[in-house]
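K.L.:
Below is the structure I would like to discuss, written out as structure tokens.
2 protein chains.
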Amino acid sequence: MPENFTYTLEATDGRARAGRFNTPHGDLLTPVFAPVGTAATVKAVTPVQLSEIGASLVLANTYHLYLRPGDALVAEMGGLHEFMQWHGPMLTDSGGFQVFSLGENSKISDDGVTFRSHIDGSTHHFTPERAVAIQENLGADIIMAFDECADPYDYEYSQRAMQRTHVWLERCLEAKTRDDQALFGIVQGGIHPDLRAQSAEFVASMDTPGIAIGGLSVGETKEEMHTTLDAVMPLLPENKPHYLMGVGTVEDLVNGVARGVDIFDCVLPTRLGRNNAAMLRNGGRLNLKNAPFADDPNPIDENCTCYTCRTFTRAYLRHLISAREMLSATLLSIHNLHTLIHLTQEMREAIQAGTFEETFQDLLVA
Amino acid sequence: MPENFTYTLEATDGRARAGRFNTPHGDLLTPVFAPVGTAATVKAVTPVQLSEIGASLVLANTYHLYLRPGDALVAEMGGLHEFMQWHGPMLTDSGGFQVFSLGENSKISDDGVTFRSHIDGSTHHFTPERAVAIQENLGADIIMAFDECADPYDYEYSQRAMQRTHVWLERCLEAKTRDDQALFGIVQGGIHPDLRAQSAEFVASMDTPGIAIGGLSVGETKEEMHTTLDAVMPLLPENKPHYLMGVGTVEDLVNGVARGVDIFDCVLPTRLGRNNAAMLRNGGRLNLKNAPFADDPNPIDENCTCYTCRTFTRAYLRHLISAREMLSATLLSIHNLHTLIHLTQEMREAIQAGTFEETFQDLLVA
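Protein sequence lines, in the order shown, are assigned to chains A and B.
Numbering (my numbering) for the first sequence: 1 to 366.
Numbering (my numbering) for the second sequence: 1001 to 1366.
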């Protein structure tokens, strides 16, 4: 058996990769999509339902858990896996993205970030060292370096943030004490190919078991996302998993995998699920609140094998939405997560069979 | 195999009964507690979860489904069982209780009730015939006669409402056309033993496969509920199931069974579940929002075998509540429903073993 955090490249098809990344809580078969359980719960979905959907990796947010219930409490309860009863691989972000999203309520220096809690306005300070210590308390299998997310269009700021992110990665690696957690570095640099290349080379030079691409899916165009990936991906080492953070549409997953991405996460499937929208395998969406679904006896997607599609009609789902019943969030979240997770499994099989491009040609963007 | 809607008395222990009532969607093993799925969904719980809890009978509300999505649509979708995908026995109320609860928005005559929708203010008219026709569209196994619920303390009004309820029962029986549905009559009469006895005798004289006791658990004291049951139960035929409507605490179930009740339903376990309260087997409750639970590593009830108690700590549930996560409603509803359903199963076994009184002595009220 390979040592923990070994990435094995099993097959390639063009730049698309099928691989295996082993963690203390089981192997990730990549490409993989990770549902987001911000506050130690994938909203409206139980761990049993997550298993049935085929989820393997689950993400949780350091910023939220640090504030509530507190990372010390999670540690006291045996860590995140025990606390939320997800016994597969887990990943925590560093809190950086959330903290920078607070805007005027955060203030940054080379040391770290001072910010005010969105819950009670209290003041807190995150440093690379603190972000690692909190993530060690939380205990996920994969933890993330503390990074700065800049406005991707602002070249000067993107460069400053990238440089700071590099220094912070070194501090994170220095601070890390647990050997049952893999710390991933994060490539930054906005939409600027030269910065992205510089960042990719720096992060690739560090001794981390995996590499993430941050600062995308934050408002840039699809073309800019693809150009950025084209600048970064060829520079990443083949023997490490490549994680594209915060990305989660059907189209983005297919085009990410086509460029060599192995791991994705996003709140989109569960957020859409709580807002009446069903994601379709072809990249489309259904707003099930719409009146024409009121007497539609079909499932969301007749080819989908999720519990929701095997069991319920669009008419019933539309009724739940009209009646503001919580069950609609559960059933649509199950369907949306299943759509993305099943898509990654389908891509994995196509890569292994050498049929990736023909299978996904309708979704691929040059 | 007995014909549909045969009640078989299997064992008695004092006045407590263990029995079996067969329906087109399976047998009810009584005593039984029915979760309430007001709008064709037991709030926050999937049908698979309901099955795992051990639910057999599920109730839905005619008033709500008539207004939304409409009983004609439910019929078009194959009836309630198909629509909500509950394939066990189902029961619908007549809409009477809800309509009378509208207060100034309902107006009653001997013909029926005119009321305004709580959804859009539109005007509707229910009669006994209409209540039956709607319930035939919905298609539950057990349907209820249209009845009038009076202020239980007002003797004159209770008497008038009881008499009207009797006439309406005859009209319901006359209107009924489906032979795969059992129409139950309802005993009314407030807290007045003479009216209740009169009503019990009248309803018992009608050709219905089951008899319900309505108008209780509406604000009267426990003593008044027990006195009323003591007046009614001895007058009910032994060969029909006895259904105490809208009752659903641990104490009320035990004391109802002790007096010969077979079927119960109540929104309480799911409503409490959405409001952070866990029901305990001993009749107590835990408000899991309370701070002392924040670091409590125990399950809600260490003797409970539900998914929630087998899986999660009080600390985790308290965290979900603090973070306003929907999963808390699901997990607490599962626990509360399991508590009552498991209690009825425990009572059934005790009756069969002849140990009912000693097993439940702590909860029994003379």
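All C-beta atoms, glycine included, are put in the ideal place defined by N, C-alpha and C.
1) Within 10 angstroms of the Cβ of Y316(A), are there 16 or more other Cβ atoms? Answer buried if so, exposed if not.
2) Taking Cβ-Cβ distances below 9 Å as the criterion, which residues of the region 266 to 279 of chain A are in contact with chain B?
3) Once DSSP output is grouped into helix, strand and coil, what is the label at H118(A)?
4) Do you know how far the Cα of L320(A) is from the Cα of F293(A)?
5) Beta carbons nearer than 7 Å to chain B: which residues of the region 64 to 87 of chain A have them?
6) In chain order, what residues of the same chain lie with their CB nearer than 6 Å to the CB of A75(A), ignoring the 5 residues before and after it?
7) Based on DSSP bridge pairs, tell me the residues matched to L29(A).
8) Go ahead and pull the three-state DSSP assignment for I263(A).
9) Which of helix, strand or coil does DSSP assign to T1092(B)?
10) Note down, in chain order, each residue of its chain lying with its Cβ closer than 6 Å to the Cβ of F389(A), except the 5 sequence neighbours on either side.
11) With a cut-off of 8 Å on the beta carbons, I'd call Q236(A) and L216(A) a contact; round off their distance for me.
12) Could one say the Cβ of D295(A) lies closer than 8 Å to chain B's Cβ atoms, at least one of them?
13) Closest by CA to E148(A), which one among A323(A), E358(A), S94(A)?
14) Could you tell me the distance, in whole angstroms, from the CA atom of R130(A) to the CA atom of Y155(A)?
15) A212(A) and I186(A) look like a contact to me (Cβ under 8 Å); what is the Cβ gap, rounded to whole Å?
16) Would you report the Cα separation of Q85(A) and T1311(B), rounded to the nearest angstrom?
17) Could one say the Cβ of S117(A) lies closer than 8 Å to chain B's Cβ atoms, at least one of them?
18) Taking Cβ-Cβ distances below 7 Å as the criterion, which residues of the region 322 to 351 of chain A are in contact with chain B?
19) In angstroms, rounded to a whole number, what distance separates the CA positions of L1272(B) and R1281(B)?
20) Name the DSSP bridge partner or partners of S1186(B)?
21) For T41(A), list the residues DSSP reports as bridge partners.
22) Comparing the CB of L286(A) with every heavy atom of the ligand FMN, is any distance shorter than 7 Å?
23) Note down, in chain order, each residue of its chain lying with its Cβ closer than 6 Å to the Cβ of E1174(B), except the 5 sequence neighbours on either side.
24) Note down, in chain order, each residue of its chain lying with its Cβ closer than 7 Å to the Cβ of Y1063(B), except the 5 sequence neighbours on either side.
25) Using a beta-carbon distance below 8 Å, is L1286(B) in contact with chain A?
26) What residues are listed by DSSP as bridge partners for L1009(B)?
27) Here's the rule I'm using: 16 or more other beta-carbon atoms within 10 Å means buried, otherwise exposed. How should T1177(B) be labelled?
28) With distance defined between alpha-carbon atoms, name the residue in A1350(B), T1038(B), F1021(B), H1025(B) nearest to S323(A).
29) Does the separation of the CB atoms of L229(A) and T249(A) fall below 8 Å?
30) Once DSSP output is grouped into helix, strand and coil, what is the label at P47(A)?
31) Roughly how many whole angstroms lie between the Cα atoms of H1335(B) and D110(A)?
32) Mind checking if T311(A) is an interface residue toward chain E, Cβ cutoff 8 Å exclusive?
33) Would you say A1212(B) reaches chain A, if we count a Cβ-Cβ gap shorter than 8 Å as a contact?
34) For the region 127 to 157 of chain A, which residues have a beta carbon sitting closer than 8 Å to at least one beta carbon of chain B?
35) On the three-pair Cβ rule with 8 Å, is the region 18 to 36 of chain A touching the region 55 to 62 of chain A?
36) Is the region 1003 to 1018 of chain B in contact with the region 347 to 362 of chain A, if contact means three or more CB pairs nearer than 8 Å?
P.N.:
This is what the structure gives:
1) buried
2) R274
3) coil
4) 12 Å
5) R68, P69, L73, E76, M77, F83, M84, Q85
6) N137
7) R20(A)
8) strand
9) strand
10) The requested residue 389(A) is not part of the displayed model; chain A covers only 1 to 366.
11) In the sequence under discussion, the amino acid at residue 236(A) is Leu, which differs from the Gln named in the question. In fact, because the Cβ distance is near 14 Å, the residues do not count as touching under 8 Å.
12) yes
13) S94(A)
14) 28 Å
15) 5 Å
16) 7 Å
17) no
18) S322, A323, E325, M326, L327, A329, T330
19) 15 Å
20) Correcting the residue type first, residue 1186(B) is Ile in the shown sequence and not Ser. Answer by DSSP bridge pairing, in chain order: A1212(B).
21) For T41(A), which the question treats as bridged, DSSP gives no partner whatsoever.
22) The ligand content of the structure shown is nil, which means the ligand FMN is not present either.
23) none
24) G1095, Q1098, V1099
25) no
26) G1019(B)
27) exposed
28) The question names Ser, yet the displayed sequence has Ala at residue 323(A). When each option's Cα is compared against that of A323(A), the closest is T1038(B).
29) no
30) helix
31) 49 Å
32) Given the protein chain composition of this structure (A and B), no chain E is represented.
33) no
34) none
35) yes
36) no
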